[in-house]
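**Q**
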Amino acid sequence: MALKVLVGCKRVIDYAVKIRIKPDKLGVVTEGVKHSMNPFDEIAVEEAMRMKERKLVNEIIVVSCGPAQAMETIRTALAMGADRGIHVEIPLDQMDTFQPLHVSKVLAKLAEKEKVDIVMLGKLAIDDDSNQTAQMTASLLDWPQGVFASKIDKTDAGLEIIREVDGGLETIRTTLPAVLSADLRLNEPRYATLPNIMKAKKKKVDKMTPADLGVDMAPRIQIVSVEDPPVREAGQTVADVDDLVAKLKEKGFSSA
Amino acid sequence: MFSTPTKLSGLVNTLRFARNQSTLVLVEHNNEKINPVTLNAITAARALGGEVNCLVAGTSCGDVAKEVSSVEGISKVLVAEDAAFEGFMPEKLTPILMASQNQFKFTHIIAGASAFSRGLLPRVAAQLDVSPISDIIGIKDKDTFVRTIYAGNAIMTLKSMDPVKIVTVRTTAFEPATVGGGSAALEAAPAAAGDTADVSQWVGQELSKSERPDLGSAKVVVSGGRGMKTGDNFSMLYDLADKLGAGVGASRAAVDAGMVPNDMQIGQTGKIIAPELYIAVGISGAIQHLAGMKDSKVIVAVNKDPEAPIFQVSDFGLVADLFKAVPEITEKI
Numbered sequence: 036m037a038l039k040v041l042v043g044c045k046r047v048i049d050y051a052v053k054i055r056i057k058p059d060k061l062g063v064v065t066e067g068v069k070h071s072m073n074p075f076d077e078i079a080v081e082e083a084m085r086m087k088e089r090k091l092v093n094e095i096i097v098v099s100c101g102p103a104q105a106m107e108t109i110r111t112a113l114a115m116g117a118d119r120g121i122h123v124e125i126p127l128d129q130m131d132t133f134q135p136l137h138v139s140k141v142l143a144k145l146a147e148k149e150k151v152d153i154v155m156l157g158k159l160a161i162d163d164d165s166n167q168t169a170q171m172t173a174s175l176l177d178w179p180q181g182v183f184a185s186k187i188d189k190t191d192a193g194l195e196i197i198r199e200v201d202g203g204l205e206t207i208r209t210t211l212p213a214v215l216s217a218d219l220r221l222n223e224p225r226y227a228t229l230p231n232i233m234k235a236k237k238k239k240v241d242k243m244t245p246a247d248l249g250v251d252m253a254p255r256i257q258i259v260s261v262e263d264p265p266v267r268e269a270g271q272t273v274a275d276v277d278d279l280v281a282k283l284k285e286k287g288f289s290s291a
Numbered sequence: 018m019f020s021t022p023t024k025l026s027g028l029v030n031t032l033r034f035a036r037n038q039s040t041l042v043l044v045e046h047n048n049e050k051i052n053p054v055t056l057n058a059i060t061a062a063r064a065l066g067g068e069v070n071c072l073v074a075g076t077s078c079g080d081v082a083k084e085v086s087s088v089e090g091i092s093k094v095l096v097a098e099d100a101a102f103e104g105f106m107p108e109k110l111t112p113i114l115m116a117s118q119n120q121f122k123f124t125h126i127i128a129g130a131s132a133f134s135r136g137l138l139p140r141v142a143a144q145l146d147v148s149p150i151s152d153i154i155g156i157k158d159k160d161t162f163v164r165t166i167y168a169g170n171a172i173m174t175l176k177s178m179d180p181v182k183i184v185t186v187r188t189t190a191f192e193p194a195t196v197g198g199g200s201a202a203l204e205a206a207p208a209a210a211g212d213t214a215d216v217s218q219w220v221g222q223e224l225s226k227s228e229r230p231d232l233g234s235a236k237v238v239v240s241g242g243r244g245m246k247t248g249d250n251f252s253m254l255y256d257l258a259d260k261l262g263a264g265v266g267a268s269r270a271a272v273d274a275g276m277v278p279n280d281m282q283i284g285q286t287g288k289i290i291a292p293e294l295y296i297a298v299g300i301s302g303a304i305q306h307l308a309g310m311k312d313s314k315v316i317v318a319v320n321k322d323p324e325a326p327i328f329q330v331s332d333f334g335l336v337a338d339l340f341k342a343v344p345e346i347t348e349k350i
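Protein sequence lines, in the order shown, are assigned to chains A and B. Using my numbering, the first residue of the first sequence is number 36, and each one after it goes up by one. Using my numbering, the first residue of the second sequence is number 18, and each one after it goes up by one.
1. For chain A, is any of its Cβ atoms less than 7 Å away from the one on residue 350 (chain B)?
2. Determine, for residue 333 (chain B), whether the minimum Cβ-Cβ distance to residues of chain A falls below 7 Å.
3. Within 7 Å of any Cβ in chain B, is that where the Cβ of residue 224 (chain A) sits?
4. Please classify residue 208 (chain A): does DSSP put it in a helix, a strand, or coil?
5. Which residue wins for smallest C-alpha separation from residue 174 (chain B), given the options B:143, B:152, B:99?
6. List the residues of chain B whose Cβ lies closer than 7 Å to the Cβ of residue 157 (chain A), in chain order.
7. Under 7 Å, Cβ to Cβ, is there at least one residue of chain A near residue 172 (chain B)?
8. Rounded to whole angstroms, what's the CA-CA distance from residue 105 (chain A) to residue 305 (chain B)? Just pull it up for me.
9. Can you check which of these residues, B:272, B:229, B:291, is closest to residue 282 (chain B) by C-alpha distance?
10. Does residue 198 (chain A) come out as helix, strand or coil in the three-state DSSP assignment?
11. What residue range is occupied by the uninterrupted alpha helix (DSSP H) comprising residue 172 (chain A)?
12. How big is the Cα-Cα spacing for residue 343 (chain B) and residue 257 (chain B)?
13. Cutting at 7 Å between CB atoms, please list the residues of its own chain near residue 176 (chain B), excluding the five before and the five after it.
14. How would you call residue 136 (chain A), buried or exposed, if buried means at least 16 neighbouring beta carbons within 10 angstroms?
15. Using the rule of at least 16 other Cβ atoms within 10 Å of the residue's Cβ for burial, across every protein chain shown, is residue 216 (chain A) buried or exposed?
16. To the nearest angstrom, how far is the alpha carbon of residue 101 (chain A) from that of residue 260 (chain A)?
17. Where does the unbroken alpha helix (DSSP H) through residue 255 (chain B) begin, and where does it stop?
18. Which whole-angstrom value is the C-beta distance of residue 267 (chain A) and residue 330 (chain B), which I expect to be below 8 Å?
19. What does residue 295 (chain B) touch in chain A if you count any residue whose Cβ is under 9 Å from its own?
20. Does residue 186 (chain A) come out as helix, strand or coil in the three-state DSSP assignment?
21. With a cut-off of 8 Å on the beta carbons, I'd call residue 107 (chain A) and residue 244 (chain A) a contact; round off their distance for me.
22. At 7 Å on the CB atoms, spell out the chain B contacts of residue 166 (chain A), in chain order.
23. So the beta strand (DSSP E) residue 70 (chain A) belongs to, where does it begin and stop?
24. Would you say residue 264 (chain A) lies against chain B (beta-carbon separation less than 7 Å)?
25. Who are residue 155 (chain A)'s beta bridge partners in DSSP?
26. Please classify residue 152 (chain A) as buried or exposed, where buried requires at least 16 other C-beta atoms within 10 Å of its C-beta.
27. Closest by CA to residue 175 (chain A), which one among A:225, A:83, A:250?
28. Return the Cβ separation of residue 120 (chain A) and residue 238 (chain A) in integer angstroms, given the expectation that the two are a contact with Cβ distance under 8 Å.
29. Relative to the alpha-carbon of residue 89 (chain A), which residue among A:236, A:129, A:189 has its alpha-carbon at the smallest distance?
30. How big is the Cα-Cα spacing for residue 257 (chain A) and residue 287 (chain A)?
31. Please list the partners that residue 277 (chain A) has in chain B, where partner means a Cβ-to-Cβ separation under 9 Å.
32. Under DSSP, the alpha helix (DSSP H) around residue 137 (chain A) begins and ends at which residues?
33. Name, please, each residue of chain A whose Cβ falls closer than 8 Å to the Cβ of residue 166 (chain B).
34. Would the stretch 200-212 of chain A count as touching the stretch 221-234 of chain A if we require 3 or more Cβ pairs under 8 Å?
35. Using a C-beta cutoff of 7 Å, does residue 112 (chain B) count as contacting chain A?
36. According to DSSP, is residue 114 (chain B) helix, strand or coil?
See the structure below:
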């Protein structure tokens, strides 16, 4: 009963980079800036790999939507152990209005086309911070969802998932097929080893466009502006605890 | 003779009203009382103008529906009570929201941003073929919203071209509506169309129980990071928090290391808060942590590393060994 998994990954500006707003104030500078696989997607790929190592999964297909450079992200996932890739090409100038709604339509079409049992995504992308794609993909497919997962186990009837929620942890069960999204503590992703990076170059990657899948790319939003957040005024160092306590009392903070 | 102008103006008002917004607020609750995030969402809904309605769906809605109906400015409260809503599973709640939307044709569906609304509203948006807008911090007009991207390092204003806007609201950006003074009508929510297959099941939850103020609404928060070294050491933060009447949070590093449970995590993918006073202890101040607290009114940092990035955002920075400094602060504050 080995399962087939479709893992989505996104190429984003690296989490450690300090971003700059473009002079036209309609976006963020991406040219010449270090990019990597969205950290949550690394966790998603890793989880698929662990399921493969436990013989629950026999094929991992990785998909990325984006311009030519999305291939770097696909190759990274292949180097981590995914079996083959799909690059859904999106022109660079359409990326700003390419929303989770559009991605979820692409993923839903691919999930049906490839007859997968699990669609595995990262909980959110660290650029747009949306946290929507897995939920929307599940909805379009009319599949159950296990989102913000911190533990995933196979049961006879499907999956048991522990999720991180606002008050702590929640346990749910779903049937298969299902859409899952990885939260931070699901696992610690492996580094791709050099031999695997070399092997990845030979793995197959299919290319297609959203139009090939019958997905309408028309934008649903118009970006009015992208601006810097309000700047905090510089603070001060305090000499010692007495100094700190005095300053806090001045501001009206003391024991309740 | 005098009734005709009244009838005419009544008709004109109806027409004007039909062109106005009509918002549905999805109420978050535990079958006993409203979750405070909903009160911030109601304020946001009222800022849009037009009618504000609420939906309460759960296994036992009576008390919550009554509480919601007493919030000022609500037109009606739709109530859907069913054992099937145990655990508030999104697969079961989506059809109920769809049924209400199909009947009342709301222009906006809003909820306070939380794990619950994030799990559910995008499912509804996909059914309606619209692009949801997450975690807004401002409303410019009925189509135009403000939200943060890149962990709060950029602020985006966007205009939605969809006919229905599905929006979650960052609670720190909107005052909570007051409970009391209102008297909205209660009405049964339209039934969900068809039968939802049993594809998912709620098994249980492990919620942290605490007497301390909830992180989302605490006026003061004391927070610990990697520098705390062990979960046991957090007891010195609990002592300080007790003295200040504060909530206690943590950085991702502390949660990953198993020092404290996940619901204490403050940051880009944890809780985003903006208390009057945030005291960061043994927290270096990574971008992702700052995303969760940099809108706090006053930030204090205690760290033995003078180069720690947290000192770039703190109002008062104390370079010191936290194991000596924190007990001393507790004693003297």
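Yeah, the Cβ is synthetic: ideal placement off N, Cα and C, and Gly gets one too.
**A** Taking the definition as stated:
1. For the purposes of this step, residue 350 (chain B) is taken as residue 333 along the second sequence, with counting starting at 1. For residue 350 (chain B), the answer is yes, since a Cβ of chain A falls inside 7 Å of its Cβ.
2. To locate residue 333 (chain B), count along the second sequence from 1; it is residue 316. At a cut-off of 7 Å, the C-beta of residue 333 (chain B) has a neighbouring C-beta in chain A.
3. Counting from one through the first sequence, the residue named residue 224 (chain A) turns up at place 189. So no, residue 224 (chain A) is outside the interface.
4. Position 173 of the first sequence, counted from the start, is the residue given in the question as residue 208 (chain A). DSSP, reduced to helix, strand and coil, places residue 208 (chain A) within a strand of the structure shown.
5. For this step, residue 174 (chain B) is matched to residue 157 along the second sequence. Residue 174 (chain B) has its Cα closest to that of B:152, out of B:143, B:152, B:99.
6. Here the question's residue 157 (chain A) lines up with position 122 in the first sequence. Listed along the chain, the chain B residues whose CB falls inside 7 Å of the CB of residue 157 (chain A) amount to none; the nearest CB is some 10 Å away.
7. Residue mapping note: residue 172 (chain B) aligns to position 155 of the second sequence, counting from 1. Chain A, which has a Cβ nearer than 7 Å to the Cβ of residue 172 (chain B), makes this yes.
8. Here the question's residue 105 (chain A) lines up with position 70 in the first sequence. Here the question's residue 305 (chain B) lines up with position 288 in the second sequence. If I take the Cα positions, the gap works out to 24 Å.
9. Taking the second sequence and counting its residues from 1, one reaches residue 282 (chain B) at position 265. If we check each option's Cα against that of residue 282 (chain B), B:272 comes out closest.
10. Locating residue 198 (chain A) in the first sequence gives position 163, counting from the first residue. Of the three classes helix, strand and coil, the one that applies to residue 198 (chain A) here is strand, per DSSP.
11. Numbered from its first residue, the first sequence carries residue 172 (chain A) at position 137. DSSP places residue 172 (chain A) in the uninterrupted alpha helix (DSSP H) bounded by 168-176.
12. Position 326 of the second sequence holds residue 343 (chain B). Position 240 of the second sequence holds residue 257 (chain B). Those two C-alpha atoms are separated by around 7 Å.
13. Position 159 of the second sequence, counted from the first residue, corresponds to residue 176 (chain B). Excluding sequence positions up to five before and after residue 176 (chain B), its CB lies within less than 7 Å of the CB of 160, 161, all in the same chain and listed in chain order.
14. In the first sequence, residue 136 (chain A) corresponds to position 101, counting from 1. Residue environment analysis places residue 136 (chain A) among the buried positions, since at least 16 neighbouring C-beta atoms fall within 10 angstroms of its C-beta.
15. Numbered from its first residue, the first sequence carries residue 216 (chain A) at position 181. Counting Cβ neighbours within 10 Å, residue 216 (chain A) comes out buried, since at least 16 surround it.
16. Within the first sequence, residue 101 (chain A) is the residue found at index 66, counting from 1. Within the first sequence, residue 260 (chain A) is the residue found at index 225, counting from 1. Whole-angstrom Cα-Cα distance: 22 Å.
17. The residue labelled residue 255 (chain B) in the question sits at position 238 within the second sequence. Where residue 255 (chain B) is concerned, the enclosing alpha helix (DSSP H) starts and stops at 252-261.
18. Along the first sequence, read from residue 1 onward, the residue named residue 267 (chain A) stands at position 232. Along the second sequence, read from residue 1 onward, the residue named residue 330 (chain B) stands at position 313. Rounded to the nearest angstrom, the Cβ distance from residue 267 (chain A) to residue 330 (chain B) is 6 Å, consistent with a contact under 8 Å.
19. Locating residue 295 (chain B) in the second sequence gives position 278, where the first residue counts as 1. Chain A residues near residue 295 (chain B): none, gap ~11 Å exceeds 9 Å.
20. Walking along the first sequence from the start, residue 186 (chain A) turns up at place 151. Here residue 186 (chain A) sits in strand by DSSP.
21. Start at 1 with the first residue of the first sequence, and residue 107 (chain A) comes out as number 72. Start at 1 with the first residue of the first sequence, and residue 244 (chain A) comes out as number 209. That pair is no contact at about 19 Å.
22. Indexing the first sequence from 1 puts residue 166 (chain A) at position 131. Those are 135, 151, listed as they occur along chain B.
23. Indexing the first sequence from 1 puts residue 70 (chain A) at position 35. Start and end: 70-72.
24. Your numbering for residue 264 (chain A) matches position 229 in the first sequence. Interface residue, yes.
25. Locating residue 155 (chain A) in the first sequence gives position 120, counting from the first residue. DSSP links residue 155 (chain A) through a beta bridge to A:42, A:215.
26. As a first step, residue 152 (chain A) is located in the first sequence; it is residue number 117 there, counting from the start. Taking every protein chain shown into account, the CB of residue 152 (chain A) has 16 or more other CB atoms within 10 angstroms, so this residue is buried.
27. Within the first sequence, the letter at position 140 stands for residue 175 (chain A). Nearest to residue 175 (chain A) by alpha-carbon distance, out of A:225, A:83, A:250, is A:250.
28. If you number the first sequence from 1, residue 120 (chain A) lands on position 85. If you number the first sequence from 1, residue 238 (chain A) lands on position 203. Confirmed, Cβ separation roughly 7 Å.
29. In the first sequence, residue 89 (chain A) corresponds to position 54, counting from 1. For the residues A:236, A:129, A:189, the minimum Cα distance to residue 89 (chain A) belongs to A:189.
30. As a first step, residue 257 (chain A) must be located in the first sequence, where it is residue number 222. As a first step, residue 287 (chain A) must be located in the first sequence, where it is residue number 252. Between residue 257 (chain A) and residue 287 (chain A), the C-alpha separation is close to 44 Å.
31. Counting from 1 along the first sequence, the entry for residue 277 (chain A) is found at position 242. Near residue 277 (chain A) (Cβ distances below 9 Å), the residues of chain B are 345, 349.
32. To locate residue 137 (chain A), count along the first sequence from 1; it is residue 102. 135-148 is the extent of the alpha helix (DSSP H) around residue 137 (chain A).
33. Position 149 of the second sequence, counted from the first residue, corresponds to residue 166 (chain B). Neighbours of residue 166 (chain B) in chain A, taken as residues at a C-beta separation under 8 Å, are given in chain order as 63, 162, 163, 164, 261.
34. Inter-segment contact for the stretch 200-212 of chain A and the stretch 221-234 of chain A is absent: fewer than three beta-carbon pairs are separated by less than 8 Å.
35. Residue numbering aside, residue 112 (chain B) sits at position 95 when the second sequence is read from its first letter. No, residue 112 (chain B) lies away from the interface with chain A (no Cβ there is under 7 Å from its Cβ).
36. What you label residue 114 (chain B) is simply residue 97 of the second sequence in a count that begins at 1. Helix, per DSSP.
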